[in-house]
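The next block holds one structure in the form of structure tokens; read it before the comments.
There are 2 protein chains.
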Amino acid sequence: MPDGADRRLSRRKLLSLAGGAGAAVGIAAGFLSQNALSAAAAPAGEPLGATVPFHGDRQAGITTPAQDRLHMAAFDVTTEDRSALITLLRDWTAAAKAMTAGRTVGDTGAVGGPYDAPPDDSGEALGLAPGRLTLTFGFGPGLFDKDGKARFGLEGRRPDALVDLPHFPGDALEAARTGGDLVVQACADDPQVAVHAVRNLARIGFGKVRVRWSQLGFGRTSSTSRTQTTPRNLFGFKDGTNNLKAEDTDLLNEHVWVTAGSRPGEAWMTGGSYLIARRIRMHIEIWDRTSLREQEGLIGRTKGEGAPLSGGTEFTAPDFTIKGRDGQPLIPLDSHLRLAHPDHNDGVRMLRRGYNYTDGSDGLGHLDAGLFFIAFVKDPRTHYVPMQMAMAKQDVLALEYLKHTGSGLFAVPPGARPGGFIGEGLFT
Amino acid sequence: MPDGADRRLSRRKLLSLAGGAGAAVGIAAGFLSQNALSAAAAPAGEPLGATVPFHGDRQAGITTPAQDRLHMAAFDVTTEDRSALITLLRDWTAAAKAMTAGRTVGDTGAVGGPYDAPPDDSGEALGLAPGRLTLTFGFGPGLFDKDGKARFGLEGRRPDALVDLPHFPGDALEAARTGGDLVVQACADDPQVAVHAVRNLARIGFGKVRVRWSQLGFGRTSSTSRTQTTPRNLFGFKDGTNNLKAEDTDLLNEHVWVTAGSRPGEAWMTGGSYLIARRIRMHIEIWDRTSLREQEGLIGRTKGEGAPLSGGTEFTAPDFTIKGRDGQPLIPLDSHLRLAHPDHNDGVRMLRRGYNYTDGSDGLGHLDAGLFFIAFVKDPRTHYVPMQMAMAKQDVLALEYLKHTGSGLFAVPPGARPGGFIGEGLFT
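Those protein sequences? They're chains A and B, same order as listed. Using this note's numbering, the letters of the first sequence map in sequence onto residues 1 to 428. Using this note's numbering, the letters of the second sequence map in sequence onto residues 429 to 856.
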């Protein structure tokens, strides 16, 4: 799979549609979709024809303004051949570069022939606009060692921060929704574009990887840029008001990006981050029978505006000291806002990028619905484990309304340089 | 839950946003979304602020130009009390009327108080535009009788056409994805709007219904109007090129709408239709390793244009007689196009309204992905069972690449009159 963009069939060229998509950046002006109804569905000011650059110092899909839809998949690597793994990462990089630019995978695309070979691209995104697709790759603990034995010659290369997450109180993790050697986060404003991307990466990996778990998210629950408004989770509350945002450069350096200074064996992670994924089932049926007063007390914010119960509007800083006429703090001591606030967690911050999900029925007469939590942090040992341990023990919300059913921790290397591949530093 | 629209909090009013949404029709001009990025994602010419009228001779969501996203849920009715069932249908009707108009459910909505009661609306659609939401309701066989005994005083009211579907060769139906006494099809251009609607209907039904199954579809696979272009399924092919469309009034009367003339006990279905739902797993990993030539032969159309292999463009009528140099028909005898064509099925037509789905992993290293098939027909005995039986026996596509894992058949009554409720004719 050579990496020559000019040799590829673009989805646009293929369909003889006009369009001047920039090489990697910007908006395909005049984009005309085959599937006009879908493809024209565009975020305000960001047409579905918009693309996000693939190359960069960081991988895309972290500080990129959160797209509306998610398909994330984790894979088990079934080969033990180092060169096969490197080939896979090279092929995935080439395919990701093409798809995020709105092109089909491979030299022949979905319909270019030869007729007696399988197409290079599965085709269901033909005519769809790029939808700001980003593909973000990460490496799980199992890529480095399994059953105490190093894999792929990666002795000493597993970062210390890529821990095996501890068991948290209340965890009800399902093996089929947990772990994975590789992860791909596909985010786009059109879900079919995200699904197409994951499906084609799985196709390219045939014989080397197996899908371990796969998760769709239908609605973003975080903003990652000040250009976005705050979305709502399935409790009906605004979520992530105080999330770290792309504009918070200093805070991102402090809390999200891995900086140099770690031991030499993990220098390949400089400029990267750690992705924590948690599938959090919400007991929405119980929540829906809870009074508005109790809901607001559990969250610590008003439901409509999302203002802290201490007063103000959504972005007013909470004041944990103000007390009501009953002498109790207006923001209850056991509210989620208080327990999750940096003031009560050694000042740590996360960049959250989660999505609402609904996966059919739970077999007990309820929707299986909740939050697919995604966060990026500099070091999960300081920036996730302590807070999650505290929440799992004290947060009434977590204790009574949430159940963690899936989990994953992945080292997300820095961006690929042009001509290179994702995670290249790990293999040099 | 009174049915006075003027007494309800609208999502717009609630957020003090401008907007002149028509009573039930048209486009909310100047709609300003709280969640601007999501809400502004609008089909071409059909802003996400657009609403579809709830009342009418027919239910909406059948000939409505197919929205991009689906959430369908089937429910078991757990009460045996006729008046409780009628109350549920009245409450669902009122809620459906509010939500399809972009309003919250109930008098107090999501945040209107009283503070010591649960809110009337769960709130996650606050600030989202209506997204052309439609809610379409149907009644399964189990609403009429169970274990040979009539329910709810409905002796003699089960329509003859509401059969128990036969076992088709190759069926691998899972009980937890099959059947149901009631069904709700929620279609919208914003998936969070569709999920919110189903979730609130489930909430309203607490104590009377249980969710039996629930299915999200991320991409439409049918056009139901000539204003739409043909979308692609997960085989990468255009799907439903020859689907019945809203503009085909005579054909709809012939093939989709139930007309008078049935026995008196089923007169309540006049103006209604029958909804067939089939969850069809696609073996996409095998498909993806099939040559382009074989893919096109199995479908009977070209992959890019979607033209019949006998020549022309997408909407050219197939010519099953033209032979190639090898003396074989250009459209193979066992192609899906040929086997599914009305010419080979007694002229019957369906209005298809299916969606692509992806539901995680199959536990065997593959994506669990496929087509959630939905069709509306006048009578499944003539318009579905014979064709499906033939396809299940002869269609190479069905035999080698498809597996039916879920199924449902539902009687879809006509539209509710203002002041009335869905299915009212069944109870009078």
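Every residue gets a Cβ at the ideal spot worked out from N, C-alpha and C, and that includes glycine.
Determine, using beta carbons only, whether residue i and residue j come nearer to each other than 8 angstroms.
i, j, result
"L371 (chain A)", "N233 (chain A)", "yes"
"G236 (chain A)", "E552 (chain B)", "yes"
"A862 (chain B)", "R780 (chain B)", "A query on residue 862 (chain B) cannot be resolved here, the shown segment of chain B reaching from 429 to 856 and no further."
"L703 (chain B)", "F572 (chain B)", "no"
"G180 (chain A)", "W213 (chain A)", "yes"
"R90 (chain A)", "G406 (chain A)", "no"
"P587 (chain B)", "A839 (chain B)", "yes"
"P65 (chain A)", "Q228 (chain A)", "yes"
"L173 (chain A)", "H404 (chain A)", "yes"
"V52 (chain A)", "R103 (chain A)", "no"
"L563 (chain B)", "A630 (chain B)", "no"
"E742 (chain B)", "T677 (chain B)", "no"
"I62 (chain A)", "R627 (chain B)", "no"
"F567 (chain B)", "N784 (chain B)", "no"
"Q67 (chain A)", "D239 (chain A)", "no"
"L680 (chain B)", "L837 (chain B)", "no"
"P118 (chain A)", "R717 (chain B)", "yes"
"K673 (chain B)", "R654 (chain B)", "yes"
"G725 (chain B)", "S763 (chain B)", "yes"
"N773 (chain B)", "M710 (chain B)", "no"
"I850 (chain B)", "T521 (chain B)", "yes"
"R721 (chain B)", "F801 (chain B)", "no"
"V184 (chain A)", "M350 (chain A)", "no"
"H429 (chain A)", "V163 (chain A)", "With chain A represented from 1 up to 428, any question about residue 429 (chain A) goes unanswered, as that position is not in the structure."
"L827 (chain B)", "G537 (chain B)", "no"
What does residue i touch in chain A if you count any residue whose Cβ is under 9 angstroms from its own?
i, result
"V505 (chain B)", "Neighbours of V505 (chain B) on chain A: none; closest Cβ ~11 angstroms, over 9 angstroms."
"W641 (chain B)", "G360 and S361"
"F634 (chain B)", "E285, D288 and R289"
"A604 (chain B)", "G360, S361 and G363"
Which bits of chain B does residue i rub up against, with CB to CB less than 8 angstroms?
i, result
"A117 (chain A)", "S719 and L720"
"N233 (chain A)", "E552"
"L367 (chain A)", "A501, V626, R627, A630, V639 and S642"
"V111 (chain A)", "L720, T730, K731 and G732"
Leaving out five residues before and five after residue i in sequence, what residues of the same chain have Cβ atoms less than 8 angstroms from its Cβ?
i, result
"T78 (chain A)", "G207, K208, V209 and R210"
"G581 (chain B)", "R510"
"Q192 (chain A)", "S38, E124, A125 and L128"
"R585 (chain B)", "F572, G693, E694, W696 and L854"
"P846 (chain B)", "H483"
In its own chain, which residues sit with a C-beta less than 7 angstroms from the C-beta of residue i, not counting the 5 before and 5 after it?
i, result
"G699 (chain B)", "D485, R486, W685, V686 and P842"
"G473 (chain B)", "The pLDDT assigned to G473 (chain B) is 45, lower than 50, so where the model puts this residue is not dependable; a value taken from the coordinates is nonetheless given after this. So the list is empty, once near-sequence residues are dropped."
"D359 (chain A)", "D368"
"A524 (chain B)", "F482 and L563"
"T649 (chain B)", "P659, N661, D667, G668, G782, Y783, N784 and L799"
"E733 (chain B)", "T741 and E742"
What residues in its chain sit with their C-beta under 6 angstroms from that of residue i, if we drop five residues either side in the sequence?
i, result
"Y812 (chain B)", "I704 and V805"
"D319 (chain A)", "S310"
"A23 (chain A)", "Residue confidence for A23 (chain A) is low, a pLDDT of 28 falling below 50, so the modelled location carries little weight and cannot support an answer."
"A60 (chain A)", "V52 and T134"
"V453 (chain B)", "Legend: pLDDT at V453 (chain B) = 26, less than 50; position of this residue unreliable, value from coordinates given subsequently. For V453 (chain B), where only same-chain residues beyond five positions count, the Cβ hits under 6 angstroms are P481."
Under 7 angstroms between beta-carbons, which chain A residues line up against residue i? List them in chain order, please.
i, result
"Q620 (chain B)", "F218, G219 and N356"
Name the chain B residues that come within less than 9 angstroms of residue i, Cβ to Cβ?
i, result
"G179 (chain A)", "Result: empty, since nearest Cβ-Cβ is about 12 angstroms, beyond 9 angstroms."
Find the residues of chain B that neighbour residue i, judging by a C-beta separation of less than 7 angstroms, and give them in chain order.
i, result
"V195 (chain A)", "F646 and T786"
Since residue i and residue j are thought to touch, with beta carbons under 8 angstroms apart, how far apart are those beta carbons, to the nearest angstrom?
i, j, result
"K731 (chain B)", "V195 (chain A)", "Incorrect: roughly 18 angstroms between the Cβ atoms, too far for contact."
"L737 (chain B)", "L767 (chain B)", "Not quite, the Cβ-Cβ distance comes to about 14 angstroms (not below 8 angstroms), so this is no contact."
"L402 (chain A)", "I299 (chain A)", "Their Cβ separation, rounded to whole angstroms, is 12 angstroms, which puts L402 (chain A) and I299 (chain A) out of contact at 8 angstroms."
"I632 (chain B)", "F855 (chain B)", "With 8 angstroms as the limit, I632 (chain B) and F855 (chain B) do not qualify as a contact, their Cβ atoms being about 18 angstroms apart."
"D116 (chain A)", "G106 (chain A)", "About 16 angstroms separates the two Cβ atoms, so there is no contact after all."
"F503 (chain B)", "A820 (chain B)", "With a Cβ gap of about 28 angstroms, F503 (chain B) and A820 (chain B) do not count as contacting."
"A307 (chain A)", "T316 (chain A)", "6 angstroms"
Could you name the residues of the segment 276 to 301 of chain A whose beta carbon sits closer than 9 angstroms to any beta carbon of chain B, in the order they occur along the chain? I284, E285, W287, D288, R289, T290, S291, L292, R293, E294, Q295 and E296
May I ask you to list, following chain order, the residues of the segment 566 to 588 of chain B that have a beta carbon less than 9 angstroms from some beta carbon of chain A? Within the segment 566 to 588 of chain B, not one residue has a Cβ closer than 9 angstroms to any Cβ of chain A.
Using a Cβ-Cβ cut-off of less than 8 angstroms, give me the residues of the segment 659 to 688 of chain B that come near chain A, in sequence order. Flagged, chain order: P659, R660, N661, L662, F663, G664 and F665.
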